[in-house]
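Offset between the sequence shown (1-based) and our numbering: plus 14.
Backbone N, C-alpha and C fix where the C-beta goes; we use that ideal spot for every residue, glycine too.
Computed from a prediction, not measured in an experiment: that's the story for all the values here.
In what follows, a structure is listed as structure tokens, so that the remarks can point back to it.
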Amino acid sequence: MMNKKKYDVIIIGGGVGGLICGTYLAKNGKTVLILEKNTKPGGYCQSFERDEFVFDAGPHIIGGCNKGGLLYRILEELEIDSRFKKSRFADRYRFGNDLIEVPQDIKEYKQLLIKRFKDEKDNINRYFKILFSISYRFLNDRRVNKEAKLSYKNFLDAIIRNPDLKCILNAHCGYIGLRPDNLSCLAMAIMEWSYLKEGTYNFVDSSDNFINAILSRFSKYGGEIILNEEAEKIVLAESNTFHSVISRNGLVYWCDKLVINIDPMKFCNCIAQINELGYRFLYYLNKYTFTPSFLLAYIGINTTEEVEFISGWHYNSYSLKDSFYKAYYIHTKTNRQKEKKSIHIIKFYSDKHIKAESTIEVRNKWRNEAIIIFKNDLAQRNWKIKTMTFADPNTLEKLTNNRHGSAYGYSMNVKQAHTNIFNRLLNDRGIYFVGHWSTFGGGIVPVAFSGKTIANTLIQNSNT
Ligand SMILES: Cc1cc2nc3c(=O)[nH]c(=O)nc-3n(C[C@H](O)[C@H](O)[C@H](O)COP(=O)(O)OP(=O)(O)OC[C@H]3O[C@@H](n4cnc5c(N)ncnc54)[C@H](O)[C@@H]3O)c2cc1C
Numbered sequence: 015m016m017n018k019k020k021y022d023v024i025i026i027g028g029g030v031g032g033l034i035c036g037t038y039l040a041k042n043g044k045t046v047l048i049l050e051k052n053t054k055p056g057g058y059c060q061s062f063e064r065d066e067f068v069f070d071a072g073p074h075i076i077g078g079c080n081k082g083g084l085l086y087r088i089l090e091e092l093e094i095d096s097r098f099k100k101s102r103f104a105d106r107y108r109f110g111n112d113l114i115e116v117p118q119d120i121k122e123y124k125q126l127l128i129k130r131f132k133d134e135k136d137n138i139n140r141y142f143k144i145l146f147s148i149s150y151r152f153l154n155d156r157r158v159n160k161e162a163k164l165s166y167k168n169f170l171d172a173i174i175r176n177p178d179l180k181c182i183l184n185a186h187c188g189y190i191g192l193r194p195d196n197l198s199c200l201a202m203a204i205m206e207w208s209y210l211k212e213g214t215y216n217f218v219d220s221s222d223n224f225i226n227a228i229l230s231r232f233s234k235y236g237g238e239i240i241l242n243e244e245a246e247k248i249v250l251a252e253s254n255t256f257h258s259v260i261s262r263n264g265l266v267y268w269c270d271k272l273v274i275n276i277d278p279m280k281f282c283n284c285i286a287q288i289n290e291l292g293y294r295f296l297y298y299l300n301k302y303t304f305t306p307s308f309l310l311a312y313i314g315i316n317t318t319e320e321v322e323f324i325s326g327w328h329y330n331s332y333s334l335k336d337s338f339y340k341a342y343y344i345h346t347k348t349n350r351q352k353e354k355k356s357i358h359i360i361k362f363y364s365d366k367h368i369k370a371e372s373t374i375e376v377r378n379k380w381r382n383e384a385i386i387i388f389k390n391d392l393a394q395r396n397w398k399i400k401t402m403t404f405a406d407p408n409t410l411e412k413l414t415n416n417r418h419g420s421a422y423g424y425s426m427n428v429k430q431a432h433t434n435i436f437n438r439l440l441n442d443r444g445i446y447f448v449g450h451w452s453t454f455g456g457g458i459v460p461v462a463f464s465g466k467t468i469a470n471t472l473i474q475n476s477n478t
């Protein structure tokens with residue numbers, strides 16, 4: 015069956031990247047259709063219910079929301095009425111029994127570090143000065159200075175001497191899923207800018223609320239979305255002036271331009287005819303590596319007590335070597351009914367792809383470990399576990415189609431820093447990429463930014 019309407023743009027995938035891109039396009043008068051395979055939009059950024067608890071499946075910590083911050087400006091431009099609450103601390107890092115509560119104000123954070131590491135005062139100031147100049151230059155005019163080309167470890171070693179201080183500055187590394195010797199300094203700089211400079215926030219209620227706020231704006235501007243509609247095949251017209259997308263349900267949709275918000279490898283292997291995309295594209299695609307996935311435990315407890323204090327990074331000790339293989343990030347969240355809390359424990363691995371070892375045995379072992387961590391941490395409290403459910407890379411892959419449940423798409427290692435050229439390669443075919451496979455720096459803020467950038471490109475091109 016054929017949908018007679020021809021859209022200016024069809025977006026395949028309704029993750030944050032696709033939704034933000036679609037909303038900018040719709041606001042600027044383009045006819046836009048988003049096709050989303052799931053019954054809900056949002057991709058990783060969605061919530062689910064188990065018993066009487068609401069859990070956010072993936073993201074919890076959102077950067078860039080201080081007034082004037084990257085995400086703040088996007089939401090303001092699109093008039094998206096989304097509420098976030100600023101967390102009390104930018105983060106909490108635990109190294110054994112030592113706890114560091116990172117203040118939201120960067121000046122206070124520097125003072126805290128200087129108080130602990132007096133001899134490193136000048137180095138601490140220099141560290142932040144250079145780190146933030148790297149991000150500022152890149153985010154403002156894509157300039158990359160010489161430090162940005164280093165691995166994060168080399169950058170750290172060149173400035174900081176104290177090994178414990180290095181562990182603290184390094185503590186966010188696990189978000190990106192790479193060890194510091196493999197992680198691009200540019201990626202770390204962009205992430206720290208977003209969290210430490212532009213504020214660390216949480217969703218109010220749930221990530222579904224954030225997605226619904228974007229969706230409501232998208233629809234108000236005239237955008238259309240069809241849920242439960244998986245794009246199965248695209249046909250590229252020879253003239254490159256229009257494309258058709260055929261869905262799993264057998265429907266055909268027409269458009270001028272295509273925006274892809276899904277894993278490009280899945281797009282290439284399943285949806286597009288490979289030879290039509292050209293071998294240059296394939297050559298680069300095959301070279302790119304992607305970020306690891308997570309093992310996740312979602313735990314619901316009944317308590318009226320304050321549970322936020324256990325959130326943050328839990329490292330076994332001050333040791334760079336161990337920590338990246340055994341870092342646990344624990345999110346806590348209060349549900350609408352105040353007496354119920356949900357806790358979300360994530361196990362991060364570094365370069366190792368969890369998928370490779372994600373056998374039933376490994377998953378069972380992790381379940382047992384999660385239960386032990388949880389019980390140890392909370393042994394003194396009388397908190398009763400009411401609900402416990404788990405996700406692994408396979409669950410995440412099923413949810414979004416990201417290969418091996420890759421958490422942030424395109425890997426931010428030194429080799430790949432700033433080299434992603436998908437958008438340039440398929441531009442002349444009218445195909446563009448948004449989301450975490452298309453942009454440097456994974457997570458909600460860069461993904462939203464990629465949506466804005468591609469929408470602006472399409473709008474400018476159509477005006478010339
Ligand atoms: C456990 C976890 C925790 C995280 N925590 C944080 C955090 O705290 N802060 C942060 O900023 N980031 C976090 N991230 C990363 C962040 O969630 C992602 O980078 C971001 O949500 C990716 O958005 P996206 O638009 O690229 O696409 P995705 O979320 O990957 O969405 C892609 C969409 O495309 C749809 N789709 C796929 N194939 C098709 C098809 N053929 N047809 C139609 N639709 C299709 C999928 O169903 C999905 O809805 C986390 C990720 C994970 C997994």
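Which stretch, first to last residue, makes up the alpha helix (DSSP H) that contains residue i?
| i | result |
| --- | --- |
| V30 | V30 to K41 |
| I174 | No alpha helix (DSSP H) holds I174; DSSP gives it neither H nor E. |
| A227 | S221 to K234 |
| L145 | K135 to D155 |
| G188 | C187 to I190 |
| E411 | P407 to T414 |
| L296 | Y293 to K301 |
| I285 | Per DSSP, I285 belongs to no alpha helix (DSSP H) and is neither H nor E. |
| Q125 | I120 to R130 |
Starting from residue i, trace the beta strand (DSSP E) in both directions and tell me its first and last residue.
| i | result |
| --- | --- |
| V428 | Counting along the chain, V428 falls outside any beta strand (DSSP E), and DSSP gives it neither H nor E. |
| L310 | F308 to N316 |
| N470 | Careful: N470 lies outside any beta strand (DSSP E), inside the alpha helix (DSSP H) at I458 to N477. |
| Y107 | D105 to F109 |
| F436 | That residue, F436, is in no beta strand (DSSP E); its alpha helix (DSSP H) goes F436 to L440. |
| K99 | F98 to K100 |
| Y209 | Y209 -> no beta strand (DSSP E), and no H or E assigned at all. |
| E238 | E238 to I240 |
| Y446 | I445 to F447 |
Output the distance between the C-alpha atoms of residue i and residue j, rounded to the nearest integer angstrom.
| i | j | result |
| --- | --- | --- |
| R108 | W397 | 21 Å |
| N349 | S356 | 7 Å |
| N441 | C282 | 15 Å |
| W327 | M426 | 20 Å |
| D136 | F146 | 16 Å |
| T403 | M205 | 29 Å |
| I386 | G78 | 35 Å |
| Y26 | I173 | First, the residue type needs correcting, since residue 26 is Ile and not Tyr in the sequence shown. If you take the alpha carbons of I26 and I173, they lie about 44 Å apart. |
| L291 | E320 | 53 Å |
| P55 | V30 | 8 Å |
| I313 | H358 | 6 Å |
| K132 | A185 | 20 Å |
| I120 | I114 | 14 Å |
| I315 | H345 | 13 Å |
| T433 | V461 | 17 Å |
| D95 | V23 | 25 Å |
| L197 | L179 | 18 Å |
| Q60 | D277 | 18 Å |
| D171 | E134 | 13 Å |
| N168 | K44 | 46 Å |
With DSSP as the reference, identify every bridge partner of residue i, one or two as the case may be.
| i | result |
| --- | --- |
| A245 | S261 |
| D277 | BP columns for D277 are empty, so no partner. |
| G91 | Position check: residue 91 holds Glu in this sequence, whereas Gly was assumed. E91 is not bridged to any residue. |
| E489 | Outside the shown range of the chain (15 to 478) lies residue 489, about which nothing can therefore be said. |
| M402 | I313 |
| C269 | Y21 and H257 |
| S198 | S165 |
| K361 | L309 and Y342 |
| Y215 | I76 and K100 |
| W327 | Y107 and Y343 |
| I114 | Y107 |
| L49 | I26 and I240 |
| S8 | Given a span of 15 to 478 for the chain in the structure shown, any question on residue 8 remains unanswerable. |
Does residue i come within less than 7 Å of chain C when only Cβ atoms are used?
| i | result |
| --- | --- |
| I228 | The question asks about chain C, but that chain is absent: this structure has only one protein chain. |
When the Cβ atoms of the segment 415 to 428 are set against those of the segment 437 to 451, are three or more pairs found closer than 8 Å?
Yes, the segment 415 to 428 touches the segment 437 to 451.
So, do the segment 101 to 111 and the segment 210 to 221 have three or more beta carbon pairs nearer to each other than 8 Å?
Cβ pair count under 8 Å is three or more, so yes.
Three or more C-beta pairs below 8 Å linking the segment 188 to 207 and the segment 234 to 251:
The segment 188 to 207, when compared against the segment 234 to 251, does not touch it at the 8 Å Cβ threshold.
Is it true that the segment 322 to 335 meets the segment 378 to 386, where meeting means three or more beta-carbon pairs spaced less than 8 Å apart?
Fewer than three beta-carbon pairs drawn from the segment 322 to 335 and the segment 378 to 386 are found closer than 8 Å, and the two stretches are therefore not classed as touching.
Between the segment 185 to 200 and the segment 50 to 62, can you find at least three pairs of beta-carbon atoms closer than 8 Å?
Inter-segment contact for the segment 50 to 62 and the segment 185 to 200 is absent: fewer than three beta-carbon pairs are separated by less than 8 Å.
Answer yes if the segment 37 to 46 comes into contact with the segment 221 to 232, meaning at least three C-beta pairs across the two stretches below 8 Å, and no otherwise.
Because the criterion of three Cβ pairs below 8 Å is met, the segment 221 to 232 and the segment 37 to 46 touch.
With a cut-off of 8 Å, do at least 3 Cβ pairs link the segment 146 to 166 to the segment 124 to 138?
Too few Cβ pairs lie closer than 8 Å, so no.
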